[in-house]
Amino acid sequence: MPATVILGSQWGDEGKGKLVDRLAEQATWVVRFQGGNNAGHTVVLGEQVLKFHLLPSGITRKECNLILGDGMVIDPWVLDHELVNWNESSGEDPRGERLFISERAHIILPYHRYMDSLDKKIGTTGRGIGPTYADKINRIGLRFGDLAEVNGDLQWASSSSERMNASLEAAGSLERITADSLLEDVKWICDSFSTSITHTGLMLDNALKLGENVILEGAQGCLLDIDQGTFPYVTSSVTSRGNSTHGAGIHPGHVDEVIGITKAYITRVGNGAMPTELFDEVGNHLGTVGQEFGTTTGRKRRCGWFDAVVMRHAHRINGFTGLALTKLDVLGGLDEINICVAYELDGKEVREMPSSASALARCKPIYVTVPGFPSHSLSEWLGIAKKANKDGTGFKALPAAAQHYIKQLEVLVGVPCTSVGVGPDRDATIDSAE
Ligand code: IMP
């Protein structure tokens, strides 16, 4: 079986966790390939709400192996915390059994968090992501596979802490790192994770050769990609399809399906332009009904209408084979729904996203308006989804105006919808009948 890639196609928080959790039922491996604990994935299982930042969403499927891949930056303390929580709710310690950490993945240390806490421009999650990727690019970062070599090495710890302290001082931070604390940290990370650290790319290659099913789980979204996003208001990794295999240590030929997750509207956290952002009652409706608060930082998400310009950009970069539309239920109760089809930039109509942040900030959305559909309670939506999947009716189970809305999005983006989410529950997703 080939690999399937699941990617956010907007500014993150599209609901990747929920889809991966569903697809993981048929997968043997779920792999994170970039980012770190700046991501936040929520999985709802009946009354139980599980939040993950590092553990791949397949954790809830006991037969699924989990990989934290080569392209990631990993905070071991956060990983430990998630594992303790998981152990409390499931009784399982998956380390070395079905959770594996790439020896090539980079480690987020307290130094990286201190540096990130100084950010005043981007609105980062403050989790040390950018500084850890900076050290990787500068070829001075610490990787899981190199831990054993530096464990107990005072000379390494002294020179590393000196370098870190010089950077902290130059950046205006009062925090300092001692060689002793660095050595203690390295020892603790070794003791905690050595059974899981391995050549994960090789494991995946072997699994694919054996015909096993692999899901490559993206974090953040296309518009937060360091190269293809709304630079500089982006994260520090390549969030797109091109990096899904590279960051997992396998070749791109393994991939056949690429699902772009997209909300039925759009949200963003942190700074940077978002042309369809709403500051009115509709924006409040989306934020309140959609419970748009960040899983990682709790920050309020900015909300706006669906933006087909953003989505066409995401499709060009990623070549989606299908779209998974999420949170359609949130639009219920609105009389009319707007869809952004182009921008007006300095008096001219543009159909592509400008690469400059200031030009994007000057873009005004051009909308088409379609009729809205009634609101339902979450249990009613769940009932509609369950019945639709049982009867195989697909999106026909939805109100006519909702079906029309989905069709419009498919035509504007040029990609068919493979599923539509109508609530947070694992089963509140309608599969396409086509
Ligand atoms: P960083 O990834 O912490 O460096 O943050 C850079 C930008 O990406 C900020 O605007 C963050 O709000 C945003 N960001 C990072 N991770 C996520 C995510 O998982 N969802 C949504 N936004 C994110």
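Each residue of the sequence shown is one higher than the one before, starting from 56 at the first, in our numbering.
Just so you know, even glycine gets a beta-carbon here, dropped at the ideal spot from N, CA and C.
Quick caveat, the model's predicted, so the values are computed rather than measured.
Which residue's Cα is closest to the Cα of L453: G304, V470, S430?
-> To locate residue 453, count along the sequence shown from 1; it is residue 398. Minimum Cα distance to L453 is reached at S430.
Select from A488, I485, V60, I305 the residue whose C-alpha is nearest the C-alpha of I270.
-> The residue you call residue 270 lines up with position 215 of the sequence shown. Checking every option, the nearest Cα to that of I270 belongs to V60.
Does the separation of the CB atoms of P471 and L378 fall below 8 Å?
-> In the sequence shown, residue 471 corresponds to position 416, counting from 1. In the sequence shown, residue 378 corresponds to position 323, counting from 1. Against a cut-off of 8 Å, the Cβ pair of L378 and P471 comes out as a contact.
Cβ pair count under 8 Å reaching 3, the segment 280 to 293 against the segment 432 to 447 = no
Under a three-way DSSP split, which group does M219 fall into?
-> What you label residue 219 is simply residue 164 of the sequence shown in a count that begins at 1. Helix at M219.
Proximity of F107 and S299 at Cβ, strictly below 8 Å = The sequence position of residue 107 within the sequence shown is 52, counting from 1. The sequence position of residue 299 within the sequence shown is 244, counting from 1. Against a cut-off of 8 Å, the Cβ pair of S299 and F107 comes out as no contact.
Given 8 Å, three or more beta-carbon pairs between the segment 443 to 451 and the segment 345 to 358 = no
Verify the contact flag: S291, CB atom, against every heavy atom of the ligand IMP, threshold strictly below 7 Å.
-> Residue 291 sits at position 236 when you count from the first residue of the sequence shown. Answer for S291: yes, Cβ within range of the ligand IMP.
Within the present structure, is the beta-carbon of G70 separated from the nearest heavy atom of the ligand IMP by less than 7 Å?
-> One-based indexing of the sequence shown puts residue 70 at position 15. Answer for G70: no, Cβ out of range of the ligand IMP.
Where N261 falls, given that 16 or more other Cβ within 10 Å makes a residue buried | Counted from its first residue, the sequence shown places residue 261 at position 206. Exposed.
For G207, which of helix, strand or coil comes out of DSSP?
-> Counted from its first residue, the sequence shown places residue 207 at position 152. Of the three classes helix, strand and coil, the one that applies to G207 here is coil, per DSSP.
State whether the segment 322 to 338 contacts the segment 418 to 428, with contact taken as three or more CB pairs (one from each stretch) at a distance under 8 Å.
-> yes
Cα-Cα separation between L164 and L464, rounded to whole angstroms | Along the sequence shown, one-based indexing puts residue 164 at 109. Along the sequence shown, one-based indexing puts residue 464 at 409. Each residue's alpha carbon lies about 43 Å from the other.
Cut-off 8 Å between Cβ atoms - residues of its own chain near L257, not counting five sequence neighbours on either side = Taking the first residue of the sequence shown as position 1, residue 257 is located at position 202. Answer for L257: G304, listed in chain order.
In three-state DSSP terms, what is W360?
-> Residue numbering aside, residue 360 sits at position 305 when the sequence shown is read from its first letter. Three-state result, W360: coil.
Which ranges would you report for the alpha helix (DSSP H) in the segment 221 to 266 if only whole runs of at least 4 residues count?
-> 234 to 248, 255 to 264
Which word fits P287, buried or exposed, when buried means at least 16 other C-beta atoms lie within 10 angstroms of its C-beta?
-> Here residue 287 refers to the residue found at position 232 of the sequence shown. Exposed: under 16 other Cβ atoms inside 10 Å.
What did DSSP end up calling G200 once you bin it into helix, strand or coil?
-> The sequence position of residue 200 within the sequence shown is 145, counting from 1. Three-state result, G200: helix.
My guess is that Q275 and N140 are in contact by the Cβ rule of under 8 Å, so how many angstroms apart are they, rounded?
-> Here residue 275 is taken as the residue at index 220 of the sequence shown, counted from 1. Here residue 140 is taken as the residue at index 85 of the sequence shown, counted from 1. Not really, about 23 Å apart at Cβ, beyond 8 Å.
Grab me the residues of L238's own chain with a C-beta within less than 6 Å of its C-beta, minus the 5 sequence neighbours each way, in chain order.
-> Here residue 238 corresponds to residue number 183 of the sequence shown, with the count starting at 1. Answer for L238: A212, listed in chain order.
Could you tell me how far apart the beta carbons of L380 and I461 are, in whole angstroms, since I believe they sit closer than 8 Å?
-> Taking the first residue of the sequence shown as 1, we reach residue 380 at position 325. Taking the first residue of the sequence shown as 1, we reach residue 461 at position 406. So it is a contact: roughly 6 Å between Cβ atoms.
Looking at the unbroken beta strand (DSSP E) that takes in A440, where does it start and where does it end?
-> Counting from one through the sequence shown, the residue named residue 440 turns up at place 385. Unbroken run through A440 is the alpha helix (DSSP H), 433 to 446; no beta strand (DSSP E).
Cβ atoms of V75 and G101: under 8 Å apart, would you say?
-> The count along the sequence shown starts at 1 and reaches residue 101 at position 46. The count along the sequence shown starts at 1 and reaches residue 75 at position 20. It is not a contact, given that the beta carbons lie outside the stated cut-off.
Does DSSP put D171 in a helix, in a strand, or in coil?
-> Working through the sequence shown from its first residue, we reach residue 171 at position 116. Here D171 sits in helix by DSSP.
Per-residue DSSP class, three states only, for W84 | Position 29 of the sequence shown, counting from 1, holds the residue named residue 84. If DSSP states are grouped into helix, strand and coil, W84 belongs with the strands.
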